[in-house]
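When you line the sequence shown up against this note's numbering, it's residues 1482 to 1655, in that order.
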Amino acid sequence: MVRDFGDGPIEDDDEEGRANARISKIELDERTVVRRSPEVEHERAVAIYDLLEENSFAPAGDEDGGPYELKLRIEENRLLFDISDPERGGNYQIWLAMTPFRRVVRDYFKICESYYDAIKHLNPSQIEAIDMGRRGLHNEGSTLLKERLAGKVDIDFDTARRLFTLICVLHIRG
């Protein structure tokens, strides 16, 4: 069974307290990736590790499902969350338009470049100032993702942060 939640609102169910309401496996569609910097590879690996260690993730209306396997990909300027529940055979597809994310992703890339350059050349107080801006943009992107998924997938803020990192990684093209 495939349920496509599209980009419109869906009634949200209270999924609190479900032990299986989590991602157990995640895969990024990286067919278009040519090469990434070591810093980006590190961020990707940490985000995946942290996400799999601790997350809260439940598609709306799936009261007893999980744990879930998630494949993320960008296709035709849309983000696809391809969610499966292998124990019960359920599949869910959630498509989000990428347009609302463009500015924050672009700004996040710019500040990350500044941050990685600063680590090599600037003093700790200057690095800390840039890092505060980087965290602020990361939080903004995470909040936007959480808002865009509202009514489709119930996630906590830390899960949204890690998923936003992975969405940014998917935007890097060679």
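Backbone N, C-alpha and C define an ideal beta-carbon position, used for all residues, glycine too.
> Can you tell me whether GLY1617 is buried or exposed, with buried defined as 16 or more other CB within 10 angstroms of its CB?
Replying inline: GLY1617 comes out exposed.
>> Less than 6 Å between C-beta atoms, sequence neighbours within five positions excluded: which residues of the same chain meet that for PHE1562?
In response: ILE1575
> Within 8 Å (strictly less), CB to CB, does LEU1603 reach chain B?
Replying inline: Chain labels in this structure do not include chain B; a single protein chain is all it has.
> Roughly how many whole angstroms lie between the Cα atoms of GLU1544 and MET1613?
Replying inline: 38 Å
> Is the segment 1623 to 1642 close to the segment 1530 to 1540, with three or more CB pairs under 8 Å?
Replying inline: yes
>> Is it the case that the segment 1626 to 1635 contacts the segment 1503 to 1522, given that we only count it when at least three CB pairs across the two stretches are under 8 Å?
In response: no
>> Between the alpha carbons of TYR1597 and GLU1550, how many angstroms are there, rounded?
In response: 32 Å
> Taking the runs of the alpha helix (DSSP H) that are 4 residues or longer, which of them lie wholly in the segment 1531 to 1613?
Replying inline: 1583 to 1602
> Is it true that the CB of ASP1566 sits closer than 8 Å to the CB of GLY1546?
Replying inline: Their beta carbons are under 8 Å apart, which means GLY1546 touches ASP1566 by this criterion.
> Hey, quick one: how far does the alpha helix (DSSP H) through ILE1648 stretch, first residue to last?
Replying inline: For ILE1648, the enclosing alpha helix (DSSP H) stretches over residues 1638 to 1652.
>> Among LEU1603, LEU1630, SER1623 and ARG1629, whose alpha-carbon lies nearest the alpha-carbon of LEU1647?
In response: The candidate whose alpha carbon is nearest that of LEU1647 is SER1623.
> Short check: CB of ILE1653 to CB of VAL1527, under 8 Å?
Replying inline: no
> Distance, Cα to Cα, ARG1587 vs SER1505?
Replying inline: Their Cα atoms are separated by approximately 29 Å.
>> What does the Cβ neighbour count give for ASP1485, buried or exposed, with the cut at 16 atoms within 10 Å?
In response: Confidence is the limiting factor: at ASP1485 the pLDDT is only 45, short of 50, which leaves the residue's position unreliable, though a coordinate-based value still follows. Classification of ASP1485: exposed, given that the 10 Å Cβ count is below 16.
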